[in-house]
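Chemist:
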Amino acid sequence: MKGYKTENIRNIALLGHGSSGKTTFLEAGLLATGVITRLGRVEDGNTVSDFDKMEIEKGYSISATMVPVEYNKVKINFIDTPGVFDFVGEVNSALRAAEAAAIFVDASSGIQVGTEKAWNYCKAAGMPRFFVINKIDKDNVDISSLISELGGKFGSSVMTMDDTDSINEAIAETDEALMEKFFEGEEFTEEEFNNGLKAALKLGDICPVFTCSAVKGTGVKEVLDAMIKYVPHPEGAAKTVEGEAEYGAGPTAAFIFKTIADPFLGKISLAKVVRGKLTPAMMLYNPTAEKEEKLGSMFFMRGKTQGDCPEAVPGDIVALGKLQYTQTGDTLCDKGSIVRFAPVEYPQPTLFTAIEPKAKGDDAKVAAGIAKIREEDPSFVYERNAETRQSLLGTQGDIQAGIILSKLKDRYGADVETVPQKVAYRETIKGTSDVQGKHKKQTGGSGQYGDVYVKFSPSTEEFEFADETVGGCVPKQFIPAVEKGLRECMEKGPLAGCKCQNIKATLYYGSYHAVDSDEMSFKLAASIAFKKGIQEAKPCLLEPIMKVKVVVPDDYTGDVMGDMNKRRGRIMGMTPMAGGLQELDAEAPQVELFSYANDLRAMTQARGSFTMEFERYEEVPGNLATKIIEAHKAEEEANA
12 MKGYKTENIR
22 NIALLGHGSS
32 GKTTFLEAGL
42 LATGVITRLG
52 RVEDGNTVSD
62 FDKMEIEKGY
72 SISATMVPVE
82 YNKVKINFID
92 TPGVFDFVGE
102 VNSALRAAEA
112 AAIFVDASSG
122 IQVGTEKAWN
132 YCKAAGMPRF
142 FVINKIDKDN
152 VDISSLISEL
162 GGKFGSSVMT
172 MDDTDSINEA
182 IAETDEALME
192 KFFEGEEFTE
202 EEFNNGLKAA
212 LKLGDICPVF
222 TCSAVKGTGV
232 KEVLDAMIKY
242 VPHPEGAAKT
252 VEGEAEYGAG
262 PTAAFIFKTI
272 ADPFLGKISL
282 AKVVRGKLTP
292 AMMLYNPTAE
302 KEEKLGSMFF
312 MRGKTQGDCP
322 EAVPGDIVAL
332 GKLQYTQTGD
342 TLCDKGSIVR
352 FAPVEYPQPT
362 LFTAIEPKAK
372 GDDAKVAAGI
382 AKIREEDPSF
392 VYERNAETRQ
402 SLLGTQGDIQ
412 AGIILSKLKD
422 RYGADVETVP
432 QKVAYRETIK
442 GTSDVQGKHK
452 KQTGGSGQYG
462 DVYVKFSPST
472 EEFEFADETV
482 GGCVPKQFIP
492 AVEKGLRECM
502 EKGPLAGCKC
512 QNIKATLYYG
522 SYHAVDSDEM
532 SFKLAASIAF
542 KKGIQEAKPC
552 LLEPIMKVKV
562 VVPDDYTGDV
572 MGDMNKRRGR
582 IMGMTPMAGG
592 LQELDAEAPQ
602 VELFSYANDL
612 RAMTQARGSF
622 TMEFERYEEV
632 PGNLATKIIE
642 AHKAEEEANA
């Protein structure tokens, strides 16, 4: 693949609902430009874009893939993104490397959920966009009606290139001189029209609609022509942590927007050059890792095939082999001119799955495999809950979780199973108690003796300890041991073995033995007092309450509210949003939300979204608390 100047490069992300024809369009583009001699089919697993073994097995894209198409002396770097909603992280990565997005629409299916989501992703990213209506060869397709629907759904910026009046008006609004010319009824020159349309596209004032049949090859070259004409080449400023960095000459700076774990070549980092040039063996600085990286192999990728890259210019996308310290979202730059590009933003995980190795002792293997998978997909999280002692995989849904677990097994030999997720319940007291804790042991020779009197009461703090002893009834050197003994007991309450909170312990009296008393004796006496005192102070079980923000179309508001009530949730407020959406503020117990990501998707045909965060602990209703306590006792007996 030959080198191209910045002005002859276009970077375009392909978005849209699953099976709208993004991957097939790329096949058609490669066929039209002579790269391939036969159109690959997703169903046959022989397309250039979906080359991963798992993608071929599943029949859909999992990762964003680079597929450059060289056409009319221009290189269009296409980034094919998955249509499955779980892989929105791949879309976010692709949009960071693109100057525009093509949203594909299946002519026979019309506007789908994925169409709406793609539009919203672009809108959130401020990304210029256009529609490509694909599969126009299908029976009973009404293109005019679909274009009208697109305009009705997404606004007046949606227009075809035949709509000259609207196009010219939008172009005129990009420049005062053009506006004057428009009002005087003068025609724009070809250069004014093309540049004006680029500007209007960049501003979001125009969202052109093109049509094609990728399978038949109809209209494919026309779409490529339009992309070259109207999509802006990489220019202007790229967002940095400190501000902005201009595309063009200067000290080298490149952004790593994606990492690929190739089973044969190892780690591959996809970099978009913003400033200066990249060449093999270059020494660059990674300000995030605070390390220098020496570039090794450099190549252009087209699916799984590679082409030599002697240098990469501003705006181009290049693959870098086996970088030692650099991860997705990092910057590589000249050490004398440090810049840090803003990292890729990923949505908060909405589904957590508890997993554990099938084979004992495989924990390290699982952790290492997860770390490798996270290199290429940083959109999921893996964490250990210290209270429940469970390892949790946080994803966007079942499909992403399933893919991760399959990769764990196939690539890294770490077989895991999913287990029911536990809740980190807490215990506290509602009343007060006054108890004695006495530890006395005589075994010949020096014995053990510790004696404390402690009052327990509710507190607003997690744990509060007060020393109100007088007259040395408990020697000062043993008081820290009493506090330590109580604090250790807070880790496991008497009801269900849960961590305790909001308890005040007041040590007010005690006794000691001049020979037999020591720190351990008073620590044990404190634990005896704790167990007695908590039981006598009306102990109760607490559960985590989550703050939930749900965004849904108006049509689904009633269903979502009713469902939240069934989950013991409370709707705290509603806020109307643009585009016929409602934001619902709610609170609900965590245990009722474990499957909410899947349930909300089913309830709203994947149009609803939500975020949640911990809010506070509340008392568990009596009947549920009894079940939790009984289950804990049964588990302890089984493990005894």
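If you want my numbering, it's the 1-based position in the sequence shown plus 11. Every residue, glycine too, gets a C-beta built ideally from N, C-alpha and C. Source: prediction; values computed, not measured.
Rounded to whole angstroms, how far is the Cβ of Gly-1 from the Cβ of Ser-528, which I believe are closer than 8 Å?
Modeler: Limits of the chain in this structure are 12 at one end and 651 at the other, which puts residue 1 out of reach.
Chemist: Kindly indicate which three-state DSSP category Ser-522 falls into: helix, strand or coil?
Modeler: In this structure, Ser-522 counts as strand in the three-state DSSP scheme.
Chemist: Count the other CB atoms within 10 Å of the CB of Pro-321; is the residue buried (16 or more) or exposed (fewer)?
Modeler: Burial call: exposed.
Chemist: In the DSSP assignment, find the beta strand (DSSP E) that holds Glu-394 and state where it starts and stops.
Modeler: It spans 392–396 - the beta strand (DSSP E) in which Glu-394 sits, taken as one unbroken run.
Chemist: Do you know how far the Cα of Asp-374 is from the Cα of Val-124?
Modeler: When rounded, the distance between both Cα atoms is 39 Å.
Chemist: Kindly list the residues whose CB is nearer than 8 Å to the CB of Ala-282, restricted to its own chain and excluding five residues on each side of it in sequence; keep chain order.
Modeler: Only Ala-265, Phe-266, Ile-267, Phe-268, Leu-289, Ala-323, Ile-328, Val-329, Ala-330, Leu-331, Leu-343 meet the Cβ criterion.
Chemist: Can you tell me whether Gly-521 is buried or exposed, with buried defined as 16 or more other CB within 10 angstroms of its CB?
Modeler: The residue is buried, with at least 16 neighbouring Cβ atoms inside 10 Å.
Chemist: Span of the alpha helix (DSSP H) holding Thr-568?
Modeler: Element bounds for Thr-568: 568–577.
Chemist: Tell me the rounded alpha-carbon separation between Gly-307 and Glu-184.
Modeler: Rounded to whole angstroms, Gly-307 to Glu-184 spans 47 Å at the Cα level.
Chemist: Per DSSP, Leu-419 is paired with what?
Modeler: Its beta-bridge partners do not exist; DSSP assigns none.
Chemist: Judging by CA-CA distance, which residue of Glu-68, Leu-37, Ser-402, Pro-139 is the nearest neighbour of Gln-432?
Modeler: The residue with the shortest Cα to Cα distance from Gln-432 is Ser-402.
Chemist: Note down the Cα distance separating Lys-240 from Ser-620, rounded to an integer number of angstroms.
Modeler: Straight-line Cα distance between these residues: approximately 36 Å.
Chemist: Are the beta-carbon atoms belonging to Leu-37 and Phe-89 less than 8 Å from one another?
Modeler: Result yes, Cβ atoms of Leu-37 and Phe-89 sit closer than 8 Å.
Chemist: Leu-212 and Tyr-82: beta carbons closer than 8 Å?
Modeler: The answer is no: Cβ separation not under 8 Å.
Chemist: Confirm, please, whether the CB-CB distance from Val-559 to Ala-599 is below 8 Å.
Modeler: Yes, Cβ-Cβ distance for Ala-599 and Val-559 is below 8 Å.
Chemist: Our contact map puts Ala-249 next to Ala-260 with C-beta atoms below 8 Å; I'd like the distance itself, whole angstroms only.
Modeler: Between Ala-260 and Ala-249 the Cβ distance is about 14 Å, and since that is not below 8 Å, they are no contact.
Chemist: What are the uninterrupted segments assigned as beta strand (DSSP E) that are 3 or more residues long and contained completely in the segment 183–223, given in chain order?
Modeler: Those beta strand (DSSP E) runs which fall completely within the segment 183–223 and span 3+ residues are 218–222.
Chemist: Under 8 Å between the Cβ atoms of Asp-97 and Gly-408?
Modeler: Taking 8 Å as the Cβ cut-off, Asp-97 and Gly-408 qualify as a contacting pair.
Chemist: Can you name, in chain order, every residue of its own chain whose Cβ lies under 6 Å from the Cβ of Ala-210, other than the five neighbours on each side?
Modeler: Thr-185, listed in sequence order.
Chemist: Rounded to whole angstroms, what is the Cα-Cα separation between Gln-359 and Pro-564?
Modeler: Rounded to the nearest angstrom, the two C-alpha atoms are 20 Å apart.
Chemist: State the Cα-Cα distance for the pair Val-80 and Ile-154, rounded to the nearest angstrom.
Modeler: Rounded to the nearest angstrom, the two C-alpha atoms are 27 Å apart.
Chemist: Pick helix, strand or coil for Pro-491, following the three-state DSSP scheme.
Modeler: Note: Pro-491 maps to helix in three-state DSSP.
Chemist: What did DSSP end up calling Ile-637 once you bin it into helix, strand or coil?
Modeler: Sequence inspection shows Thr at residue 637; the Ile mentioned does not correspond to that position. Correct three-state label for Thr-637: helix.
Chemist: Within the same chain, show all residues whose beta-carbon is closer than 8 Å to that of Leu-552, passing over the 5 residues directly before and after it, in chain order.
Modeler: Hits under 8 Å: Tyr-436, Arg-437, Glu-438, Leu-506, Ala-507, Cys-509, Glu-630, Val-631, Ala-636, Ile-639, Ile-640.
Chemist: Select from Thr-339, Tyr-607, Glu-253 the residue whose C-alpha is nearest the C-alpha of Ile-349.
Modeler: Ranking the options by Cα distance to Ile-349, first place goes to Glu-253.
Chemist: Once you ignore the five residues that flank Leu-419 on each side, which residues in its own chain have a CB closer than 8 Å to its CB?
Modeler: Excluding positions up to five away in sequence, the list reads Val-377, Gly-380, Ile-381, Ile-384, Ala-425, Asp-426, Val-427.
Chemist: Relative to the C-alpha of Ala-516, which residue among Phe-275, Ala-525, Lys-543, Tyr-523 is closest?
Modeler: It is Lys-543.
Chemist: Taking DSSP's pairing of strands, which residues face Asn-22 in a bridge?
Modeler: According to DSSP, which records beta bridges pairwise, Asn-22 is partnered with Asn-88.
Chemist: Between Ile-582 and Glu-594, what straight-line distance do the alpha-carbon atoms span, to the nearest angstrom?
Modeler: The alpha-carbon atoms of Ile-582 and Glu-594 are separated by roughly 11 Å.
Chemist: Following the continuous beta strand (DSSP E) through Asp-629, name the residue where it begins and the one where it ends.
Modeler: The sequence shown places Glu at residue 629, rather than the Asp named in the question. Per DSSP, Glu-629 belongs to the beta strand (DSSP E) from 620–630.
Chemist: Just list the residues that DSSP pairs Val-78 with in beta bridges.
Modeler: Val-78 is bridged to Phe-89.
Chemist: The alpha helix (DSSP H) that contains Thr-406, what's its start and end?
Modeler: From DSSP, Thr-406 is part of no alpha helix (DSSP H) but of the beta strand (DSSP E) over 401–406.
Chemist: Measure from the alpha carbon of Leu-592 to the alpha carbon of each residue in Met-572, Asp-610, Tyr-567, then state which is nearest.
Modeler: Answer by Cα proximity: Tyr-567.
Chemist: Tell me whether Gly-584 sits in a helix, a strand or coil according to DSSP, three-state version.
Modeler: Three-state DSSP puts Gly-584 in a strand.
Chemist: Please classify Phe-653: does DSSP put it in a helix, a strand, or coil?
Modeler: This structure gives no information on residue 653, because the portion of the chain shown stretches from 12 to 651.
Chemist: With H, G and I counted as helix, E and B as strand and the rest as coil, what does DSSP make of Asp-319?
Modeler: Residue state, collapsed to three classes: strand.
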